[in-house]
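> According to our numbering, the stretch in the sequence shown is residues -5 to 634, in order. Below are the structure tokens for one structure; questions will follow.
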Amino acid sequence: MSSSSTDPVPTASGEGGHGLGRQSLGALTLGTIGVVYGDIGTSPLYTVKEVFLPATGVALNGANLIGAVSVILWALMLVVTLKYVILILRADNRGEGGGLALTALATQAVKDKPALRRSLLLLGVFGATLFYGDSVITPAVSVMGAIEGLEVINPALKAYVLPLSLGVLLALFLIQRFGTHAVGKVFGPVITLWFVVLAVIGLVHIQRQPQILAALNPLEAFNFLMARGWHVFAALGAFVLALTGAEALYADMGHFGAKPIRLAWTALVFPSLILNYMGQGALLMAEPDAIENPFFRLFPEGLLIPMVVLAAAAAVIASQAVISGAYSMTKQAIQLGFLPRMELRYTSAREFGQIYMPAVNWALLVGVVAAVLLFGSSSALAGAYGIAVTLTMMITTVLTYFVVREGWRLPAPIAIGATVIFLILDALLVAGCAIKFLDGGWFPLAMGLSLFVLMSTWARGRQLLMSSIQREGLELAPFVQSLQQGECNRALRTAVYAVANPDTVPQALLHNLKHNQVLHECNVIMTVVFHEVPWVSDAERVEVQELAAGFWRVTLHFGFMDQPDVPRALALCEPKGLRIPVFETSYFLSRETVVPTPGSGMADWRENLFATMSRNAGSVAEFFCLPDNAVVELGTRVQI
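What follows is the structure, given as structure tokens:
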């Protein structure tokens, strides 16, 4: 089995279970609000408080409040609205979005430049690894920020914030194996209620202090930033918190489509965020001591308990979105050849995108618990938040340039001009977050770098493994011809040999002949190829070639969002002249045991790491949906 960088395979509309056309725009928009905007929607819980921490050097006064709120509003306008909602949502890969989908588009656009293509591929993979850092920090900071509302109700409850946060997070990860189908139905209404409450309470305080409306003037943001001098970078690290979740707009495009995402942002999410941030600014103008927790201080005492509950629900939903995103990202990485196979369970018979990956779930839980215990509060976690997100935004900008210029063929001045503007914004945000490196920014960055080492080692190791098999293997065509001339016992069944290289003799076939001294009546040499497109239609799923009497070569094509159901795909061979009976077929798999050897392949530690990952890779049979009682696995040792 292998991933491929060949030209994309055409995709039929609706293939893969999108089902976008079968749902109304209203239903899709409601679902978008619940899934896509939970992360950015919970940013008001902690953003304003972080801007006025002593470390930023921003004094709490009326002018700075107007300027700071103006920066938040115009950052949302420039980064989220212009960059993501208007531009990047246009860069869809057959309807799919996200870091790996964008990487596939960019690499396809420069496929005639191999060195640049490899560089963009590695850059995109690094951006994908940073997403996992976000998947750890987002649940921790969102849930803790919500639970800290208890301190506003009664300062004596502060001691319970940490254990309650851990309890909520533990419950969140424990229920993942049941899927999100039932809970997902309430995501949209809950987050819609959340945004309505944000807007209403913001309006209440704006009416009390209407001078905060001056924040709508972009000159207030410009003057505020200029007045900071070199200290502006410390403040920018706090303003980034208002933008976290912007990547989700693009990542979840395949689930809902660009139109519902744009509609939800312009009609509800953006206005509600603007009103709430201005409301917090207005509150602080009247009550500067509310800076200890300006979000919850917006509400009268009688509403604090319901708001803590609603905030906790919103935080859990925001966390669910990034956890589900981590599952999808991992599945894509596996099928593109950057991670070993892992157990994957589909948790809904109707919703194809709802999956659960136990290994990813428990790894994220360990990371989230470690983050909560290590940092201890949402303010401390906010120091760790940002650098991974802003680096991902910068990588997205770079990749988008190659899509716009090389793929869409837009004029160079337009492509370069837009890219430079967004790169300057991204660079400023990265620089602001880099200041917080020692305060916790190292945490998601270290996690991303570690994952990048794992993913690049696996991809390189697979290349070396395939080269070794090809170098030491027998050529298939002469071997098949030689079998036609000799006598051999024939088993009246069909044998399917899964191979990564379709031009060499499968090791399992050689073992079968050597040890069992038998050849099947029908032998299928099968290769599975994953393309850099999300979906491949059934019409383009299979290629069939007859090599000789009783020997066939079959190539199965899948996209990185497809479920690689091999038996179902093989059933599509019948119209092409090859019938593979379900109950009369055996699947022969080669299980390679990797033997690291000194040489020019990889560093010794990387070869040993690859060998360890290979030994612990998930079952091929399970990954390709093969029937358990029809699989024969034969081992072979391969040196790299």
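Glycine included, every Cβ here is placed at the ideal spot set by N, Cα and C. Since this is a predicted model, take the numbers as computed values, not measurements.
Buried or exposed: which applies to Leu427, given that a residue is buried once 16 or more other Cβ atoms fall within 10 Å of its Cβ?
Before going on, a small fix: residue 427 reads as Cys here, not Leu. With 16 or more Cβ atoms within 10 Å of its Cβ, Cys427 is classed as buried.
> Which one of Ser373, Phe473, Asn517, Asp128 has the shortest CA to CA distance from Ala49?
Of Ser373, Phe473, Asn517, Asp128, the residue nearest in Cα terms is Ser373.
> Determine the contact status of Ser580 and Ala624, defining contact as a CB-CB distance below 7 Å.
Taking 7 Å as the Cβ cut-off, Ser580 and Ala624 qualify as a contacting pair.
> Report the start-end ranges of each alpha helix (DSSP H) in the region 55 to 139 that is 4 residues or longer and not cut off at the edges.
Correct list: 56 to 69, 93 to 103.
> May I ask you to report which of helix, strand or coil DSSP gives Gln479?
In the structure shown, Gln479 sits in a helix (DSSP, three-state: H, G or I).
> Looking only at DSSP bridge pairs, what is Glu627 linked to?
In the DSSP output, where bridge partners are listed per residue, Glu627 has Leu583.
> Report yes if the C-beta distance between Arg535 and Ala494 is below 7 Å; otherwise report no.
No.
> Identify, in the order they occur along the chain, each residue of the same chain with its Cβ nearer than 7 Å to the Cβ of Arg547, setting aside the five sequence neighbours on each side.
So the qualifying residues of the chain are Pro496, Ile519, Gln539, Leu541.
> Starting from Gln539, trace the beta strand (DSSP E) in both directions and tell me its first and last residue.
Element bounds for Gln539: 536 to 542.
> Mind checking whether Val234 and Thr384 have CB atoms under 7 Å apart?
Contact: yes.
> Between the alpha carbons of Arg484 and Gln511, how many angstroms are there, rounded?
Their backbone Cα atoms lie some 9 Å apart in a straight line.
> Should Ala280 be labelled buried (16 or more other beta-carbon atoms within 10 Å of its own) or exposed?
Under this definition Ala280 is an exposed residue.
> For Leu393 versus Leu96, is the C-beta distance shorter than 7 Å?
Going by C-beta atoms, Leu393 is nearer than 7 Å to Leu96.
> Answer with buried or exposed for Met449, where buried requires no fewer than 16 other C-beta atoms within 10 angstroms of its C-beta.
Met449 comes out buried.
> Can you tell me whether Lys152 is buried or exposed? The criterion is at least 16 other CB atoms within 10 Å of its CB, across all chains shown.
That one is exposed.
> Excluding five sequence neighbours on each side, which residues of the same chain lie with their C-beta closer than 7 Å to the C-beta of Val474?
Once the five neighbours on either side are set aside, the close Cβ partners of Val474 are Leu541, Ala542, Phe545.
> Which residue from His505, Met441, Gln557, Val490 puts its Cα closest to that of Gly467?
Out of His505, Met441, Gln557, Val490, His505 has the C-alpha closest to the C-alpha of Gly467.
> Would DSSP call Glu578 helix, strand or coil?
Helix.
> Determine, using beta carbons only, whether Leu192 and Ser136 come nearer to each other than 7 Å.
Their beta carbons are not under 7 Å apart, which means Leu192 does not touch Ser136 by this criterion.
> In angstroms, rounded to a whole number, what distance separates the CA positions of Gly28 and Phe250?
Rounded to the nearest angstrom, the two C-alpha atoms are 11 Å apart.
> Only counting the same chain, and skipping five residues up and downstream in sequence, which positions put a Cβ closer than 6 Å to that of Pro621?
So no residue of the chain qualifies.
> Under the assumption that Ala421 contacts Met388 (Cβ atoms under 8 Å), give the Cβ distance between them as a whole number of angstroms.
Confirmed, Cβ separation roughly 7 Å.
> Could you check the C-alpha separation between Ala215 and Glu295 for me, to the nearest Å?
For Ala215 and Glu295, the distance between alpha carbons rounds to 33 Å.
> When DSSP labels each residue in this structure, what does Leu250 get in the three-state scheme?
The amino acid occupying residue 250 in the given sequence is Phe; Leu does not appear at that position. Helix at Phe250.
> Let me check understanding here. Comparing Cα to Cα, which of Thr23, Pro282, Tyr244, Val104 lies closest to Thr390?
Considering only alpha carbons, the answer is Tyr244.
> Compute the Euclidean distance between the alpha carbons of Pro334 and Ile200, then round it to the nearest angstrom.
C-alpha separation (whole angstroms): 53 Å.
> Going by beta carbon distance, what residues of the same chain come within less than 7 Å of Thr23, once the five residues before and after it are set aside?
Around Thr23: Pro254, Leu257, Ala258.
> Starting from Leu22, trace the beta strand (DSSP E) in both directions and tell me its first and last residue.
Segment 19 to 29 is the alpha helix (DSSP H) holding Leu22; no beta strand (DSSP E) there.
> Jot down the residue ranges of each uninterrupted alpha helix (DSSP H) in the region 217 to 249, minimum 4 residues, whole runs only, in chain order.
Segments of the alpha helix (DSSP H) lying fully in the region 217 to 249: 226 to 233, 240 to 245.
> Could you give the first and the last residue of the continuous alpha helix (DSSP H) run that contains Tyr321?
First-last of the alpha helix (DSSP H) with Tyr321: 298 to 329.
> Which of the three DSSP states, helix, strand or coil, is assigned to Phe545?
It is a strand residue.
> Taking the alpha carbon of Leu116 as the point to measure from, which residue in Arg600, Gly331, Val414 has its own alpha carbon closest?
It is Gly331 whose Cα lies nearest to the Cα of Leu116.
> Which residue wins for smallest C-alpha separation from Phe604, given the options Ser594, Leu628, Ile634, Gly629?
When only C-alpha atoms are compared, the closest one is Ile634.
> Tell me, to the nearest whole angstrom, how far the beta carbon of Thr132 is from that of Val316; I am working on the premise that it is less than 8 Å.
Between Val316 and Thr132 the Cβ distance is about 5 Å, and since that is below 8 Å, they are a contact.
> Can you tell which of Gly51, Leu39, Trp68 has its C-alpha closest to the C-alpha of Phe264?
Comparing Cα-Cα distances from Phe264 to each of Gly51, Leu39, Trp68, the minimum goes to Trp68.
> Use the C-beta contact count for Asn517: other C-beta atoms within 10 angstroms, 16 or more gives buried, fewer gives exposed.
The residue is buried, with at least 16 neighbouring Cβ atoms inside 10 Å.
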